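Read in order, the letters of the sequence shown correspond to residues 18 to 322 in the working numbering.
Everything on this sheet refers to the single structure shown next.
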Amino acid sequence: MQSTSKSAAILAIKGALCGLVYVVAVIINGMIFAALHLHVPDLTPKNISQTQALTTFVLCSMLLGMALMPLAAGLRGKSSVRGLALAFLPFICIGINAPIEMVIFTTLLPRQTVLPFVASFILPALLFGFALAYLSERDPQPASLAQLSGRFFSAHPAASWFWRIPLAILAFPVIYFVFGAMVAPIVVPTYRAGIAGLVLPPLSVILPVQVLRSTLFLAASLPFLILWKRSRASLLVALGLAHWFLVGLFGLLQGSFLPVTLRIAHSLEIGADSFAYAAVLVLLLTPRSTESAVHVAPPSPVFPS
């Protein structure tokens with residue numbers, strides 16, 4: 018028990034350090050963009066001081082690193098591969114998904130600023146992902162990505178992927194609407210009132226956007242299904258936690274300008290979405306024994322001539 022607590026504490030400290038790397042990367046990226054005269058909109062509300070916004074951002078970034086460290090710790094493969102996977106997930110969830118949601122559900126992000134806003138997340142995501150890979154447990158004999166991918170995709174009959182992938186894409190919109198309907202009585206009046214720049218688009222806009230988000234989430238999650246070396250249950254928890262924080266908590270914890278009831282309702286909703294979606298991906302796509310080692314043929318013995 019003491020050893021387990023110590024290991025968890027070490028992972029938490031490493032995750033917090035990775036969060037600080039993310040903060041530094043954001044600052045450096047801001048300096049680069051300023052030097053290049055690239056305008057990225059400042060989304061800090063006028064009633065929130067820059068000091069308060071920065072303090073909250075630093076704390077949330079440290080929590081973000083702590084939330085993703087269990088996922089980083091369960092990966093096999095080369096450090097470069099793990100680093101790219103750990104960079105791609107936050108880039109998709111924060112750098113692409115968040116702007117999509119802001120464009121259709123708020124008036125906060127002008128459309129002409131979307132591209133520089135997305136680009137501003139590339140460097141922070143890369144440095145953050147490689148920090149997570151570097152500080153997590155290294156694979157002493159890493160198999161190649163081709164070997165790991167081959168093992169993963171051969172775990173199911175080839176023909177079954179033609180229905181597994183579409184089903185995984187359709188799963189998220191269904192989960193989204195099921196849990197969204199539960200919190201709708203709480204959050205919809207706020208959107209209709211236009212509080213804090215919120216808007217409620219028609220269903221004809223929401224539905225295709227959720228299919229798009231689902232496709233992006235699947236693309237960002239698939240590397241972890243391939244690289245995972247532990248049990249499926251631990252993958253479900255780690256992936257669900259990562260999605261919950263990246264898609265929901267990271268932004269909602271900083272959104273002090275939003276009504277408290279809306280932030281709580283959306284936090285619970287997105288948490289349910291994230292773990293349910295992770296469960297679907299794990300049960301639908303991963304083999305039953307993800308923790309079994311990838312067997313790599315040993316090198317042929319060399320005998321002295």
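For each residue, glycine too, the CB sits at the ideal point set by N, CA and C.
Here the structure is a predicted model, which means the values were calculated and not measured.
Are the beta-carbon atoms of residue i and residue j separated by less than 8 Å?
i	j	result
A259	A115	no
F50	V57	yes
C35	G82	yes
V191	L253	no
A176	L301	no
A237	C110	yes
L233	I113	yes
S231	W261	no
L55	P133	yes
What residue range does the alpha helix (DSSP H) around residue i cover?
i	result
Q67	67 to 90
I212	Where I212 is concerned, there is no enclosing alpha helix (DSSP H), given that its DSSP letter is neither H nor E.
P116	115 to 122
F147	139 to 152
H260	249 to 260
S177	Neither: S177 is in no alpha helix (DSSP H) and is coded neither H nor E.
Q227	220 to 244
F108	Here F108 belongs to no alpha helix (DSSP H), and DSSP marks it neither H nor E.
P62	Taken as a continuous stretch (DSSP letters only), P62 belongs to no alpha helix (DSSP H), as it is neither H nor E.
A163	162 to 171
P133	131 to 136
T278	277 to 302
Look at the alpha carbon of residue i and the alpha carbon of residue j, and state the distance between them as a whole number of angstroms.
i	j	result
M48	L28	31 Å
V205	I139	33 Å
Y294	F108	19 Å
I45	L80	20 Å
P62	A136	22 Å
G32	F74	15 Å
F105	H173	25 Å
H312	A142	Summary for H312: the model assigns pLDDT 43, below 50, so the residue's position carries little reliability, and this model does not support an answer.
P218	T124	11 Å
A70	G288	24 Å
P315	L239	Because the pLDDT at P315 is just 41, under 50, the model does not fix this residue reliably, and the value given afterwards should be weighed accordingly. Distance between the alpha carbons of P315 and L239 is about 28 Å.
V228	E286	18 Å
A163	L101	15 Å
With a threshold of 6 Å on Cβ separation, who are the neighbours of residue i within its own chain once the five nearest residues in sequence on each side are excluded?
i	result
A188	V297
T303	L242, R249
R99	L92, A150
S317	Low local confidence applies: a pLDDT of 39 at S317 is under 50, so the model's placement there is unreliable, and no value is given.
A89	L103, L149, S153
A42	L140, P141, L144
Beta-carbon within less than 7 Å of residue i's beta-carbon, same chain only, minus the 5 sequence neighbours each way: which residues are those?
i	result
V3	This structure leaves residue 3 out entirely; the chain is present only between 18 and 322.
I65	S273, F274
P276	T207, I212
V226	I117, I121
Excluding the 5 residues flanking residue i on each side, which residues of the same chain have their C-beta closer than 8 Å to its C-beta?
i	result
I203	T278, L279, A282
S284	G265, L266, L269
Going by other Cβ atoms of all chains shown within 10 Å of its Cβ, with 16 needed for buried, is residue i buried or exposed?
i	result
D59	exposed
S309	Its pLDDT being 42, under 50, S309 is placed unreliably in this model, and the value from its coordinates should be taken loosely. Classification of S309: exposed, given that the 10 Å Cβ count is below 16.
M199	exposed
A160	buried
L224	exposed
R209	exposed
F145	buried
R155	exposed
F179	exposed
L235	buried
P183	exposed
L244	buried
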